[in-house]
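Colleague: Quick one: this structure, given as structure tokens, is what I'll be asking you about.
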Amino acid sequence: MQNQAKNLINKLGLDPRLLGMIGALVAIWIVFGIFTDGRFLSPRNFFNLSVQTASVAVMATGMVFVIVTRHIDLSVGSMLGFIGMAVAALQVQILPDLVGLGHWSVWIIAVIAAILMGALLGAFQGWIIGYLAVPAFIVTLGGLLVYRGAMWWVTEGQTQAPLDTTFRLLGGGAEGTLGESLSWIFGIVAALAAVTLMLLSRRNKANHGFAVKPAWAEGILLAIAAGGIIGFVWIMNSYPISKGAMKRMTKAQGIEYTDGMVWNHGVAIPVVILLIVAIVMTVIATRTRFGRYVYATGGNPEAAELSGINTRWLTVKIFSLMGALTGIAAVIASARLNAVDVGLGTLDELRVIAAAVIGGTALAGGAGTIYGAVIGALIMQSLQSGMASVGVDAPLQNIVVGVVLVFAVWVDIVYRRRAGA
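Residue numbering for the sequence shown follows the working numbering, beginning at 616 and increasing consecutively.
Structure representation (structure tokens):
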């Protein structure tokens, strides 16, 4: 039976680590579902889980590149808070006087400002690491302290609220979704895109003389990919919007509200942002010269430099990319809360690093996947949300997450030893 399972996995071309992560995630869901009498497995909880995971997962995709090249970034949580506070102050104190309160351009300016701030701050850190040869641990630890202090300095510790109405949609909530109809369209398009990309990959392999999976195995994978996407959309479309939110939404749209009306949430906008980021980062990692340089440098920095790769400039670009993704995450996190205080982003750096490591990114460098980091972030958030739903105290939650992180690293070490044997 065990040999048959191994043969099936080999024919399907599945990564055993990926199956292990998915298995662990499903086990977590089942356990918490039992302890909460099924509430954890409800569409409402899965919707909230997807939104809560988005900001950490976005940053985790960038942390993969950082760790793959044998660096670390301890500043992302404080950077997120600093960018979030600066962008919130921009919306509350500056832009209303420049373009007018509620102007259509406010959210666009805020998003661009967040991404540019992150990219510039990250590039500066990368320049210190790459060109001044200061260890990344020290540089980003200093960044952690500097950004957290600067966050208070921007507004002297005052909470910034409320944020622009359109900007808030980027954080999810009842209004911040695609809606039921658009979600189905999104799901169908995404499923067709996934199937098309998989078929094109198969054709390219065949054209270049590489071995391809049997047709039946490819068919199973296509069905799993498309079915998973459609299933996710179905779950999101099964979560009804509360009556209070519906009254606000119908009033804003000029629709008469009746007690019999039922609207469902659909896919949240932060999830769409995360999906776009994950696809772009996957393409960068697997289809571009920059991605190849990242993994080559992580595998053997000396050999990469001797082969002509400018590893110092590469470091600047990696940390700049990490900063830009932190800016996107700051937009999601601040929009979801509709306010920014000095606690925004606290300990997020540890959650991001843990997500990347649990997702299979090797601390020794040279190995890591974008999808693994996203699944790792989902595992982390599922653990925390599940423990909160069963009444576990916050200190004990941190203990459990710490133990899981150490265990995941140990499993990774054991797996790589056996794979190399």
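Backbone N, C-alpha and C define an ideal beta-carbon position, used for all residues, glycine too.
#1: Give me the Cβ distance between Gly696 and Leu959, rounded to the nearest whole Å; I'm assuming they're in contact under 8 Å.
#2: Quick one: give me the first and last residue of the alpha helix (DSSP H) that Thr811 is part of.
#3: Identify every run of the alpha helix (DSSP H) within the region 866 to 894, keeping only runs that are complete inside it and at least 4 residues long; order them along the chain.
#4: Alpha carbon to alpha carbon, how far is Phe825 from Arg907?
#5: Give me, in chain order, the residues of the same chain whose beta-carbon lies closer than 7 Å to that of Val726; leave out the 5 immediate sequence neighbours on both sides.
#6: Output the distance between the C-alpha atoms of Gly881 and Leu837, rounded to the nearest integer angstrom.
#7: Whole angstroms are fine: how far does the CA of Gly983 sit from the CA of Tyr872?
#8: If we ignore side chains and look at the alpha-carbon of each, how far apart do Gly741 and Thr926 end up?
#9: Under a Cβ-count criterion, where at least 16 other Cβ atoms within 10 Å of its own Cβ denotes burial, should Ala1036 be classed as buried or exposed?
#10: Looking at the structure shown, is Val671 part of a helix, part of a strand, or coil, going by DSSP?
#11: Which same chain residues end up closer than 6 Å to Val673 when comparing Cβ atoms and leaving out the 5 residues on each side of it in sequence?
#12: Run through DSSP, which three-state label would Pro777 get?
#13: State the beta-bridge partners of Val955 as determined by DSSP.
#14: When the distance is taken between beta carbons, is Met678 closer than 9 Å to Ala970?
#15: Does the region 929 to 938 come close enough to the region 729 to 738 to have 3 or more Cβ pairs within less than 8 Å?
#16: Quick check on the DSSP output: the alpha helix (DSSP H) that includes Ser1004 runs from which residue to which?
#17: Decide if the region 838 to 855 is in contact with the region 786 to 802; the criterion is three or more beta carbon pairs, one per stretch, under 8 Å apart.
#18: Given this structure, state the Cα-to-Cα distance separating His718 from Arg863, to the nearest angstrom.
#19: Based on the DSSP secondary-structure assignment, which residues constitute the bridge partners of Pro855?
#20: Could you tell me the distance, in whole angstroms, from the CA atom of Ala841 to the CA atom of Ile744?
#21: Anyone know if the C-beta pair for Trp831 and Asp779 falls short of 9 Å?
#22: Short check: CB of Leu793 to CB of Ala883, under 9 Å?
#23: Write down the C-beta distance between Ser857 and Pro658 rounded to the nearest angstrom, noting that I regard them as a contact closer than 8 Å.
#24: Does Tyr762 pass the burial test, meaning 16 or more other C-beta atoms within 10 Å, or should it be called exposed?
#25: Taking the continuous alpha helix (DSSP H) assigned at Val590, which residues delimit it?
#26: Which value, in whole angstroms, describes the spacing of the CA atoms of Arg685 and Gly757?
#27: Can you have a look at Ile682 and say buried or exposed, based on whether 16 or more other CB atoms are within 10 angstroms of its CB?
#28: Using three-state DSSP, classify Leu784 as helix, strand or coil.
#29: Report yes if the C-beta distance between Tyr986 and Gly974 is below 9 Å; otherwise report no.
#30: With a threshold of 16 other CB atoms inside 10 Å of the CB of Gly923, please say whether the residue is buried or exposed.
#31: Please name the residue, chosen from Phe661, Ile933, Pro631, that lies closest to Ile645 on a Cα-to-Cα basis.
#32: Can you tell me whether Lys932 is buried or exposed? The criterion is at least 16 other CB atoms within 10 Å of its CB, across all chains shown.
#33: Buried or exposed: which applies to Gly991, given that a residue is buried once 16 or more other Cβ atoms fall within 10 Å of its Cβ?
#34: According to DSSP, is Asn660 helix, strand or coil?
#35: Val588 by DSSP, collapsed to three states: which one?
Modeller: With the structure as the only source:
#1: Taking 8 Å as the upper bound for CB-CB distance, Gly696 and Leu959 are in contact here, some 4 Å apart.
#2: It spans 794 to 822 - the alpha helix (DSSP H) in which Thr811 sits, taken as one unbroken run.
#3: DSSP runs (the alpha helix (DSSP H)) wholly in the region 866 to 894: none.
#4: Phe825 and Arg907: Cα-Cα distance of roughly 20 Å.
#5: Exclusion of the five residues before and after Val726 leaves Val946 as the residues of its chain whose Cβ lies within less than 7 Å of its Cβ.
#6: Within the model, the alpha-carbon separation for Gly881 versus Leu837 is close to 23 Å.
#7: Using only the alpha carbons, I get a separation of about 50 Å.
#8: Their backbone Cα atoms lie some 11 Å apart in a straight line.
#9: Caution applies to Ala1036, whose pLDDT of 43 falls short of 50 and renders its modelled position unreliable; the value that the coordinates give is listed next. With fewer than 16 neighbouring CB atoms inside 10 Å of its own CB, Ala1036 falls in the exposed class.
#10: Three-state DSSP puts Val671 in a helix.
#11: Around Val673: Leu889, Val892, Leu940, Ile943, Ala944.
#12: DSSP places Pro777 in coil when its eight states are reduced to three.
#13: Val955 pairs with Gln775.
#14: Against a cut-off of 9 Å, the Cβ pair of Met678 and Ala970 comes out as a contact.
#15: Cβ pair count under 8 Å is three or more, so yes.
#16: Residue range 985 to 1004 is occupied by the alpha helix (DSSP H) that includes Ser1004.
#17: The region 838 to 855 vs the region 786 to 802: in contact.
#18: A straight-line Cα-Cα distance of about 20 Å links His718 and Arg863.
#19: Looking at the DSSP assignment, Pro855 forms a beta bridge with Asn879.
#20: Distance between the alpha carbons of Ala841 and Ile744: 42 Å.
#21: No; because the gap between Cβ atoms is not below 9 Å, this pair is not in contact.
#22: One thing to note: Leu793 has its Cβ within 9 Å of the Cβ of Ala883.
#23: In this structure Ser857 does not touch Pro658 by the C-beta definition: roughly 13 Å separates them, more than the 8 Å allowed.
#24: By the 10 Å Cβ count, Tyr762 comes out buried.
#25: It is not possible to answer for residue 590, since the shown part of the chain is limited to 616 through 1036.
#26: If you take the alpha carbons of Arg685 and Gly757, they lie about 18 Å apart.
#27: Per the 10 Å Cβ criterion, buried.
#28: Helix, per DSSP.
#29: Gly974 is positioned such that its CB atom lies closer than 9 Å to that of Tyr986.
#30: Counting other Cβ atoms within 10 Å of its Cβ, Gly923 stays below 16 and is therefore classed as exposed.
#31: Considering only alpha carbons, the answer is Phe661.
#32: In summary, Lys932 is buried, with 16 or more beta-carbon neighbours lying within 10 Å of its beta-carbon over all protein chains present.
#33: Burial check for Gly991: the Cβ neighbour count within 10 Å reaches 16 or more, so the residue is buried.
#34: Correct three-state label for Asn660: helix.
#35: Missing from the structure shown is residue 588; the chain here goes from 616 to 1036 and no further.
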